[in-house]
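Data block below; observations after.
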Amino acid sequence: MYTGDTDAWSYCDISQVEEAKIFVKMLPIFISSIFCYLPFSFFFTLTATAASTMSTKIMGVKIAPASLYAVAIVIQFVVLVMYNRFIVPFMHRYTSSRYYSSTSHLVRAGVGFVFAMLGTGVAALVERKRKMAEDPKDLSFLWSLPQFICVGLMEILSFVRLIEFFSYQLPVQLKSISSSMVFCIVGTAIWLDGALVAIIGRVTRHGDKENGWLDGMGFESTRLDLFYAFLTALEFLSFLIFVFCGRRYLLR
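Here the sequence shown stands for residues 1 to 252, where the numbers follow full-length UniProt numbering.
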């Protein structure tokens with residue numbers, strides 16, 4: 001629709017303006033999801049590496065700590081199969097279109113972020129137990145298993161449900177970018193993790209007077225327990241912001 005003005009908006013028809021308004025309306029959920037994903041990469045870097053300082057033998061067979069990564073993948077595979085074969089048909093039969101509403105997608109994504117919070121909380125407790133042990137080798141690396149179970153549940157719930165949410169809520173012309181938006185959320189969160197580590201290190205060094213939480217020659221001299229406790233608090237705050245943004249989106 002051209003009104004004769006030279007302003008760029010004068011060339012946009014009403015449908016394009018409405019599409020832009022819908023996209024802007026979803027930005028708070030997009031941004032809050034980024035912060036909810038902040039702990040994600042630490043499970044695959046710090047946790048698995050810390051597990052290597054513990055006993056990695058099962059029935060006399062030495063297992064690589066990196067095999068813990070497979071736990072999250074197996075959990076995702078099992079849950080996804082059960083979800084598609086049993087849960088979706090059952091819920092669709094008894095809830096009709098409500099199951100595919102924006103409320104349902106955001107609730108299930110929020111449940112995924114709760115598992116992320118549980119994962120960091122468990123990680124803090126495991127790290128505390130590892131530091132209190134006289135010899136970390138007395139502990140089995142399987143103590144780290146619940147964290148990766150939580151990661152698998154987090155990813156299958158939040159990642160897939162956010163894709164569904166954006167896909168159902170975006171206009172037809174923008175539906176193709178729904179998965180790209182979720183990958184952008186994860187990628188931005190991983191990028192911010194580097195900045196978070198740098199900030200935490202600088203703050204906890206107290207002006208280079210002592211080692212920070214993540215400083216030291218080995219994991220024995222770090223304070224991963226405090227770091228994961230901080231991540232749990234940060235995840236809880238991010239989850240509250242996500243809930244607030246989700247409620248505002250649904251009430252509009």
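Beta carbons: idealized from backbone N, C-alpha and C, even for Gly.
For Ser-52, does the three-state DSSP call read helix, strand or coil? Counting from 1 along the sequence shown, the entry for residue 52 is found at position 52. Coil at Ser-52, not helix or strand.
Candidates Glu-127, Asn-84, Leu-157 and Phe-165: closest to Ile-22 by CA position: Translated into the one-based positions of the sequence shown, residue 22 becomes position 22. The candidate whose alpha carbon is nearest that of Ile-22 is Phe-165.
Could you pull the start and end residues of the alpha helix (DSSP H) that Glu-164 belongs to? Residue mapping note: residue 164 aligns to position 164 of the sequence shown, counting from 1. 160-169 is the span of the alpha helix (DSSP H), which, as asked, contains Glu-164.
Suppose contacts are defined by Cβ-Cβ distances below 8 Å. Is Ala-124 in contact with Thr-47 by that definition? For the purposes of this step, residue 124 is identified with residue 124 of the sequence shown, where counting begins at 1. For the purposes of this step, residue 47 is identified with residue 47 of the sequence shown, where counting begins at 1. The answer is no: Cβ separation not under 8 Å.
Within 10 Å of its beta-carbon, does Pro-136 have 16 or more other beta-carbons around it, so buried, or fewer, so exposed? One-based indexing of the sequence shown puts residue 136 at position 136. When all chains shown are included, Pro-136 counts as buried.
To the nearest angstrom, how far is it from the Cα of Ser-144 to the Cα of Thr-45? Here the question's residue 144 lines up with position 144 in the sequence shown. Here the question's residue 45 lines up with position 45 in the sequence shown. Using only the alpha carbons, I get a separation of about 13 Å.
Buried or exposed: where does Val-89 fall if 16 or more other Cβ atoms within 10 Å of its Cβ makes it buried? Here residue 89 is taken as the residue at index 89 of the sequence shown, counted from 1. This sequence places Pro at residue 89; Val is not what is there. Looking at its Cβ environment, which holds fewer than 16 other Cβ atoms inside 10 Å, Pro-89 is exposed.
If you count every other CB in all the chains shown that lies within 10 Å of the CB of Gly-194, and 16 or more means buried, which is it? Taking the sequence shown and counting its residues from 1, the one referred to as residue 194 is at position 194. The residue is exposed, with fewer than 16 neighbouring Cβ atoms inside 10 Å.
Under the DSSP definition of a beta bridge, which residues are partnered with Val-78? What you label residue 78 is simply residue 78 of the sequence shown in a count that begins at 1. Answer is none; Val-78 lacks a bridge partner.
State buried or exposed for Met-59, treating a residue as buried only when at least 16 other CB atoms are found within 10 Å of its CB. Translated into positions along the sequence shown, residue 59 becomes position 59. Result: exposed.
If you draw a straight line from the alpha carbon of Leu-139 to that of Ala-133, how long is it in whole angstroms? Taking the sequence shown and counting its residues from 1, one reaches residue 139 at position 139. Taking the sequence shown and counting its residues from 1, one reaches residue 133 at position 133. In a straight line, the C-alpha of Leu-139 is about 8 Å away from that of Ala-133.
Can you tell me which residues form a DSSP beta bridge with Ser-32? Position 32 of the sequence shown, counted from the start, is the residue given in the question as residue 32. According to DSSP, which records beta bridges pairwise, Ser-32 is partnered with nothing at all.
I need the straight-line Cα distance from Thr-103 to Tyr-69, nearest angstrom please. Residue mapping note: residue 103 aligns to position 103 of the sequence shown, counting from 1. Residue mapping note: residue 69 aligns to position 69 of the sequence shown, counting from 1. About 31 Å.
Nearest to Phe-127 (by Cα), restricted to the options Ser-55, Glu-155 and Ala-50: Against the sequence shown, residue 127 aligns to sequence position 127. According to the sequence shown, residue 127 is Glu rather than Phe. Closest in alpha carbon position to Glu-127, among Ser-55, Glu-155 and Ala-50, is Ala-50.
Backbone CA spacing between Glu-19 and Met-181 [nearest angstrom]: Stepping through the sequence shown from its first residue, residue 19 is reached at position 19. Stepping through the sequence shown from its first residue, residue 181 is reached at position 181. Using only the alpha carbons, I get a separation of about 16 Å.
C-alpha gap between Leu-106 and Arg-130, whole angstroms: Within the sequence shown, residue 106 is the residue found at index 106, counting from 1. Within the sequence shown, residue 130 is the residue found at index 130, counting from 1. Leu-106 and Arg-130: Cα-Cα distance of roughly 36 Å.
Which class does Ile-156 belong to by DSSP, given the choice of helix, strand or coil? Taking the first residue of the sequence shown as 1, we reach residue 156 at position 156. DSSP places Ile-156 within a helical segment (H, G or I) once states are collapsed to three.
So for Ile-199, helix, strand or coil by DSSP? Position 199 of the sequence shown, counted from the first residue, corresponds to residue 199. Residue state for Ile-199 is assigned as helix, using DSSP reduced to three classes.
In chain order, what residues of the same chain have a beta carbon less than 6 Å from the beta carbon of Ser-238, not counting five sequence neighbours either side? The residue given as residue 238 occupies position 238 in the sequence shown. Excluding positions up to five away in sequence, the list reads Phe-35 and Cys-36.
Where DSSP assigns a beta bridge to Ser-179, which residues make up the other side? As a first step, residue 179 is located in the sequence shown; it is residue number 179 there, counting from the start. Ser-179 pairs with nothing; no bridge assigned.
Less than 7 Å between C-beta atoms, sequence neighbours within five positions excluded: which residues of the same chain meet that for Phe-141? For the purposes of this step, residue 141 is taken as the residue at position 141 of the sequence shown. If we look at Phe-141 and ignore the five residues flanking it on each side, its Cβ neighbours are Ala-51, Met-54, Ser-55, Thr-56 and Pro-65.
For Cys-150 versus Phe-113, is the C-beta distance shorter than 8 Å? Taking the first residue of the sequence shown as 1, we reach residue 150 at position 150. Taking the first residue of the sequence shown as 1, we reach residue 113 at position 113. Taking 8 Å as the Cβ cut-off, Cys-150 and Phe-113 do not qualify as a contacting pair.
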